[in-house]
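There are 2 protein chains.
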Amino acid sequence: MRAIILSIGDELTLGQTVDTNSAWLAKQLAGIGFRPAAHLTVPDDRDAIRQAFEESVGRCDALVVSGGLGPTEDDLTRQALADFLNQPLELAPAALENVERFFRALRREMPEKNRIQAMLPRGAEMIENTAGTAPGIYCNYLSGDQKTVCEIFIMPGVPKEMKIMFERSVRPKLAGGEPGRVGPGSAGVILSKTLHTFGLGESAVAERLGELMRRDRNPSVGTTVANGYVSLRLNAYFPTPAEAERQMAETASACRAALGDLIWGEDEQTLPEVVGRLLAGARETVTTAESCTGGLLAKLITDVPGSSAYFKQGWVTYANDAKTALLGVSPVTLQREGAVSEAVVAEMAAGALERSGADSALAISGVAGPDGGTTEKPVGTVCLALVARRDAAGGSTRTFIFHGDREMVRDRSAKMALTMLRFHLLGKPLPF
Amino acid sequence: MRAIILSIGDELTLGQTVDTNSAWLAKQLAGIGFRPAAHLTVPDDRDAIRQAFEESVGRCDALVVSGGLGPTEDDLTRQALADFLNQPLELAPAALENVERFFRALRREMPEKNRIQAMLPRGAEMIENTAGTAPGIYCNYLSGDQKTVCEIFIMPGVPKEMKIMFERSVRPKLAGGEPGRVGPGSAGVILSKTLHTFGLGESAVAERLGELMRRDRNPSVGTTVANGYVSLRLNAYFPTPAEAERQMAETASACRAALGDLIWGEDEQTLPEVVGRLLAGARETVTTAESCTGGLLAKLITDVPGSSAYFKQGWVTYANDAKTALLGVSPVTLQREGAVSEAVVAEMAAGALERSGADSALAISGVAGPDGGTTEKPVGTVCLALVARRDAAGGSTRTFIFHGDREMVRDRSAKMALTMLRFHLLGKPLPF
Chain A
1 MRAIILSIGD ELTLGQTVDT NSAWLAKQLA GIGFRPAAHL TVPDDRDAIR QAFEESVGRC
61 DALVVSGGLG PTEDDLTRQA LADFLNQPLE LAPAALENVE RFFRALRREM PEKNRIQAML
121 PRGAEMIENT AGTAPGIYCN YLSGDQKTVC EIFIMPGVPK EMKIMFERSV RPKLAGGEPG
181 RVGPGSAGVI LSKTLHTFGL GESAVAERLG ELMRRDRNPS VGTTVANGYV SLRLNAYFPT
241 PAEAERQMAE TASACRAALG DLIWGEDEQT LPEVVGRLLA GARETVTTAE SCTGGLLAKL
301 ITDVPGSSAY FKQGWVTYAN DAKTALLGVS PVTLQREGAV SEAVVAEMAA GALERSGADS
361 ALAISGVAGP DGGTTEKPVG TVCLALVARR DAAGGSTRTF IFHGDREMVR DRSAKMALTM
421 LRFHLLGKPL PF
Chain B
1 MRAIILSIGD ELTLGQTVDT NSAWLAKQLA GIGFRPAAHL TVPDDRDAIR QAFEESVGRC
61 DALVVSGGLG PTEDDLTRQA LADFLNQPLE LAPAALENVE RFFRALRREM PEKNRIQAML
121 PRGAEMIENT AGTAPGIYCN YLSGDQKTVC EIFIMPGVPK EMKIMFERSV RPKLAGGEPG
181 RVGPGSAGVI LSKTLHTFGL GESAVAERLG ELMRRDRNPS VGTTVANGYV SLRLNAYFPT
241 PAEAERQMAE TASACRAALG DLIWGEDEQT LPEVVGRLLA GARETVTTAE SCTGGLLAKL
301 ITDVPGSSAY FKQGWVTYAN DAKTALLGVS PVTLQREGAV SEAVVAEMAA GALERSGADS
361 ALAISGVAGP DGGTTEKPVG TVCLALVARR DAAGGSTRTF IFHGDREMVR DRSAKMALTM
421 LRFHLLGKPL PF
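Sequence order for the protein chains is A and B.
Under the numbering used here, the first residue of the first sequence carries the number 1, and numbering increases by one thereafter.
Under the numbering used here, the first residue of the second sequence carries the number 1, and numbering increases by one thereafter.
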């Protein structure tokens, strides 16, 4: 089965926005046995969009479209679809209800302008949008001579709304089953799995994987780096799902044997979620004392629904005075060692542990940049401390030098703090 | 002048790599007066690539291609170009010298495999690659009936090599001038500007813009939504840069007149940066007291380099006990009004203001979800408070209902808190 992915928007063709939808959709489609034959991007131009429909339907079994469903005059996808189908746009009551419900939830009146979002070409169906105002559009296109059949799915361009709509409605319709299952008429199955690591560089991870990364291996193992995580992408191509699953499980085991606890999770799992589960399992709580990360560590911990079970409070002590006033860090230590020092983070963590009554406390202080670096403590230098109530040794401190800009240094610092906590909860030493 | 951007590679069509080349190229092309009519991505498939050439040349003046020039068997762009041009591949001595020079610089022997990279279709020219092994390919395509003329540029897919080659050779060839200037033979110049708003929905923004959003207007004004911000995209197409700049300034003024202070910034500016500049200008400091956002507000504020000038400390009081212990929120208020109430955020802000000595304090408490919603306070209900030292009125509190998942609710809450502070610093009431 072949798919074409069509993205619509001036901001895309003009390069003002990088199109991330197409890659995401391509991955999802490949996972259910649809091979993406092409990605196409056209501007908010009624003729260009119509032409894209015309030229695509004969070349694929599924045309997956995003963008141009908004309420404003530069949103022309529904009009172009109507032109292509040669059908009038009609008000669809179910779609109107979808739009109105969105505004009701916000306790706001629906602007007249949004009424257009409830219009569909005659014969098309609405796809429910549970995350925004724009319902999607589905139609099963059949050419006059009945030779061309193509399912058309149109979703909003906002990545989040698009993804939710794809998961809820488009994937089930296309696959008639779970992700990873063979699509109707597909020649085989592609199973994918991702394993995530943090702390080692890509080449160090590759070195440990060795022969597992051979190009001609099936399942294949590749590495990608994103947001500081080095992730292993496993792809298994086999004639049957059972064979693909068996082979995938075997290769995943081999990767785990090579990397051990460096692998913190897989697929959609997040590091804060995994650490949160460990905390909840141990019935322990954690608190935070942050300088250079400015609240990012607490934010990551509370990204997880239900984190209130193990996180009660945290401090952002950005200025030296605040470290002393809120956490009792000694001015002498600050003066003698500097704010970015293992002595200071140790006192920050101890102060937070005492004031919070938590089972453990994480503290971070560093030079996030772009300014503030010195020869001795260059930009990227970050001190971390973990102090635990049940830890007779009085906790541990570490200094890292993270590479990259301010955002990267802050991000890696918070993730390394979570990693220290993870290994602490696993009862193992940090392996780097 | 019209351009089409063609990207080639299985990793792109399968979604394993997000295509950033196309957006970058689109921006560059728009800057020299080429309107990108479409982006197209096809797999490493000789027929698919040839077909993409065939269908694109008649639709644009410049076809700008990247990818598929590597030395391995899945790199088929040069072969497909030869198929399309119906010309044999021949060894080009200048191209061979380019490849060999690269290996000499690495002090390595050129593998026999790389010889293919020195092959060009007869009549095509090499584009020098100063950053990698793969020379680019240029040809000026002229159809048999002489009706179609299209310049074809093929560059490597590696973003760094592609960009260097574009800057060195492709841009000068296309434009004969600087970015943003009119190229010889080009019909004009495209200038782009983006204006950012927060707080109103897309249709409400469009309503205020009215006629400014007319499809046939030049400069055009369109809206896009990303991360809760509704942004206005202005594009001006004019024969000369001076005219484009003048018209752009006029349209931007008209947008500002229609939306007033709802516009918080433009182009690459960020909301925390804009608020930070206002704080620094007023020589004021701010502190934060966060419940549902769990540190996100402090994180956003400290995203900005130099934020230590106006942000010294913040509290994350996620649990009720922490609100009382750290900020002095009355247990009676918590009990009577609930943690998500204007009374509680007012006490959180007052407590933070008092304990910090800052000039103003922001507090947030809400139901971020997915659980914890009630009929009275559904998921998305968020109370915000701003208390300022110099504000005799004792500050302001507001309740919003934000739509979306946990991440969206937290994100919008923090941005709305920044927006409250922004209007406070502007000395104006919140306009919604």
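Ideal Cβ placement from N, Cα and C applies to all residues, glycine included.
Nothing here was measured: the structure is a model prediction, and the numbers come from that model.
Starting from the C-beta of residue i, find all residues in its chain whose C-beta is less than 7 Å away, skip the five residues before and the five after it, and write them out in chain order.
i, result
"A:Cys60", "Arg2, Ala3, Ile4, Ala37 and Cys150"
"A:Val158", "Gly132"
"B:Val225", "Glu202"
"A:Gly313", "Note on residue identity: the sequence assigns Gln, not Gly, to residue 313 of chain A. Correct list, in chain order: Thr287 and Ser356."
"B:Ala282", "Leu425"
For the alpha helix (DSSP H) holding residue i, just list the boundary residues, first then last.
i, result
"B:Arg233", "Run containing B:Arg233: none in the alpha helix (DSSP H); it sits in the beta strand (DSSP E), Tyr229 to Phe238."
"A:Ala319", "Taken as a continuous stretch (DSSP letters only), A:Ala319 belongs to no alpha helix (DSSP H), as it is neither H nor E."
"B:Leu209", "Glu202 to Leu209"
"B:Ala368", "Unbroken run through B:Ala368: none, as it is neither H nor E."
"A:Ser56", "Arg46 to Val57"
"B:Glu407", "Arg406 to Leu426"
"A:Asn21", "Asn21 to Gly31"
"A:Glu167", "From DSSP, A:Glu167 is part of no alpha helix (DSSP H); its letter is neither H nor E."
Would DSSP call residue i helix, strand or coil?
i, result
"A:Ala363", "strand"
"B:His196", "strand"
"B:Glu342", "helix"
"B:Ile8", "strand"
"B:Val225", "strand"
"B:Met126", "strand"
"B:Val99", "helix"
"B:Val189", "strand"
"A:Thr270", "coil"
"A:Thr285", "coil"
"A:Val182", "Unreliable placement is indicated for A:Val182, whose pLDDT of 40 sits below 50; no coordinate value is reported for it."
"A:Thr72", "coil"
Over what stretch of residues does the beta strand (DSSP E) that includes residue i continue unbroken?
i, result
"B:Val149", "Val149 to Met155"
"B:Arg35", "Arg35 to Val42"
"A:Gly136", "Gly136 to Leu142"
Give the straight-line distance between the Cα atoms of residue i and residue j, rounded to the nearest whole angstrom.
i, j, result
"A:Ala94", "A:Met126", "7 Å"
"A:Lys428", "B:Ala349", "41 Å"
"A:Gly144", "B:Arg214", "36 Å"
"B:Ala258", "B:Leu209", "6 Å"
"B:Val64", "B:Pro71", "20 Å"
"B:Arg78", "A:Gln16", "30 Å"
"B:Glu241", "B:Val189", "Note that residue 241 of chain B is Pro in the sequence shown, not Glu. Cα to Cα, B:Pro241 sits roughly 6 Å from B:Val189."
"A:Val275", "B:Leu200", "37 Å"
"B:Gly357", "A:Leu326", "12 Å"
"A:Val286", "A:Leu386", "10 Å"
"A:Ala417", "A:Lys160", "29 Å"
"B:Asp267", "B:Leu195", "6 Å"
"B:Ser192", "B:Ala236", "6 Å"
"B:Ala34", "B:Gln247", "According to the sequence shown, residue 34 of chain B is Phe rather than Ala. So the two alpha carbons sit approximately 19 Å from each other."
"B:Pro331", "A:Leu353", "23 Å"
"A:Glu73", "B:Glu207", "11 Å"
Checking the sheet assignment: what are the DSSP bridge partners for residue i?
i, result
"B:Ser396", "B:Leu386"
"A:Pro121", "A:Leu89"
"A:Gly265", "A:His196"
"A:Ala3", "A:Pro36 and A:Ala62"
"B:Glu290", "B:Val316 and B:Ile364"
"A:Ser220", "A:Asn235"
Given residue i, which residues of its chain have a CB within under 6 Å of its CB, disregarding the five upstream and five downstream residues?
i, result
"A:Glu90", "Arg122"
"A:Arg398", "Leu384"
"A:Pro272", "Leu300, Ile301, Asp303 and Val304"
"A:Leu29", "Ala3 and Pro36"
"B:Val367", "Val340, Gly373, Lys377, Val379 and Thr381"
"B:Glu178", "In this prediction, B:Glu178 scores a pLDDT of 39, lower than 50, which makes its location untrustworthy; the coordinate-derived value is nonetheless stated afterwards. None."
"A:Gly328", "Gly351"
Quick one: residues in its chain with C-beta nearer than 8 Å to the C-beta of residue i, no 5 flanking neighbours on either side, listed in chain order?
i, result
"A:Leu142", "Thr148 and Val149"
"B:Pro370", "Val379, Asp405 and Arg406"
Compute every distance between the C-beta of residue i and the non-hydrogen atoms of the ligand COA, then say whether any falls below 7 Å.
i, result
"B:Phe153", "For the structure depicted, the ligand COA is absent and the ligand set is empty, with no information on it obtainable."
Could you list which residues in chain C have their beta carbon closer than 7 Å to that of residue i, in chain order?
i, result
"A:Lys299", "Among the protein chains in the structure shown, which are A and B, there is no chain C."
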